[in-house]
Amino acid sequence: MTVPNPDDLDAYGRVLAHALFPAFEALRGRPTVSLLRELERTQWLALDELRAMQLRGLQRLIAHAHGSTIHYHDVLHERRLAPDDFDALSTLEALPLLDRETTVATLEARTAKVEPRWVIQKSTSGTTGQPVVVRYNAESRHWRDATRLRGYGWAGYCVGKRAFHYWGIAPAKDSWLARHKVTLDHALRRDRYVDCTPRSEAALREAVAELRRFRPQVIVAYASGIAALARFVVERDLRDWPEIPVLCGAERLWPYDRAVIEQA
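Okay, here's the thing in structure tokens:
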């Protein structure tokens, strides 16, 4: 796991990073910590070793897609390709690009009919037409979590630090127990979530107040959302905190937004 700088973590932060978080993930049956350690090991491999590892992963993926989905079985058959033909990364050029229209039309045909089955489904907003739906299985989710944590580590954010998440927030759970379970989970992990969707003066002022109360060591934010909050802070001269690393995602970070975020 990304090794925290002891100077950056207090006693609870060290306990969270080295004991509680690994225990939480293990109890939930998630191999996040072991995958993260593997990623941090392999990122230092020589280039030829990395290429060989990528090729093995590609071959495994192609074999699964060919044997488990109608769409990719047909795509390979039409091009007279077999999974064993993918003996170099450049072989991917023989496959057609998956455009938006095909993505929408082939959802069921691209969904595996055997184990491991998909467990999570997400979709775009559909503002430009029919939404694009993406499905992935538990293994994919675990890898996504591990790669996300590794990327956070590159930017200086490790488990154990107080993280202020300025992002879109999913609707609250229906049951009282589920809602409080989520709240407890966030508190134990030192995560504070604030919805970046409302941009009224009252909402932005409350976000600033929450930032002051929570005193985060890192901010993880939707790019346009944190830019709007930063502009609000700068225009009203509200900053009274030290430098806080900001990790932006979900969309492009424009140079003028980066400048105002750095100022705030």
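Counted the way this note's numbering counts, the sequence shown spans residues 189 to 452.
C-beta atoms are modelled at their ideal positions from N, C-alpha and C, and glycine is treated no differently.
Under the three-state reduction of DSSP, which class applies to residue 262: helix, strand or coil?
helix
Look up residue 435 in the DSSP assignment and give the residues it is bridged to.
408
Evaluate contact between the region 423-438 and the region 398-407, counting only Cβ atoms and requiring at least three cross-stretch pairs below 8 angstroms.
yes
With residue 347 as the anchor, note down where its alpha helix (DSSP H) starts and where it stops.
Here residue 347 belongs to no alpha helix (DSSP H), and DSSP marks it neither H nor E.
Specify the secondary structure class of residue 256 as computed by DSSP and reduced to three states.
Three-state result, residue 256: helix.
Buried or exposed: which applies to residue 335, given that a residue is buried once 16 or more other Cβ atoms fall within 10 Å of its Cβ?
exposed
Use the C-beta contact count for residue 203: other C-beta atoms within 10 angstroms, 16 or more gives buried, fewer gives exposed.
exposed
Using 8 angstroms for Cβ pairs, my map puts residue 435 next to residue 375. What's the rounded Cβ distance?
Between residue 375 and residue 435 the Cβ distance is about 21 angstroms, and since that is not below 8 angstroms, they are no contact.
Less than 8 angstroms between C-beta atoms, sequence neighbours within five positions excluded: which residues of the same chain meet that for residue 439?
410, 411 and 412
DSSP state of residue 382, grouped into three classes?
strand
Can you have a look at residue 285 and say buried or exposed, based on whether 16 or more other CB atoms are within 10 angstroms of its CB?
exposed
Here's the rule I'm using: 16 or more other beta-carbon atoms within 10 Å means buried, otherwise exposed. How should residue 289 be labelled?
exposed
Just curious, the alpha helix (DSSP H) that residue 369 is in, first and last residue?
364-377
Which residue's Cα is closest to the Cα of residue 332: 206, 205, 451 and 218?
218
Counting beta carbon pairs with one atom in the region 293-305 and one in the region 255-263, are three or more of them shorter than 8 angstroms?
Short answer: they touch.
If we count the other Cβ atoms within 10 Å of its Cβ and call it buried at 16 or more, is residue 356 buried or exposed?
exposed
Could you name the residues that DSSP lists as bridge partners for residue 311?
Beta-bridge annotation (DSSP): residue 311 is paired with 321.
For residue 266, I'd like the list of residues in its chain whose CB is within less than 6 angstroms of its CB, leaving aside the five on either flank, ordered along the chain.
none
Using C-beta distances below 6 angstroms, list every residue in its chain close to residue 517, excluding the 5 sequence neighbours before and after it, in chain order.
As displayed, the chain neither begins before 189 nor continues past 452, which places residue 517 out of reach and without an answer.
In whole angstroms, give me the CA-to-CA distance for residue 304 and residue 325.
7 angstroms
Within a Cβ cutoff of 8 angstroms, which residues of the same chain sit near residue 306, ignoring the five residues on either side of it in sequence?
299, 300, 323, 324 and 325
If you draw a straight line from the C-alpha of residue 312 to the C-alpha of residue 320, how long is it?
5 angstroms
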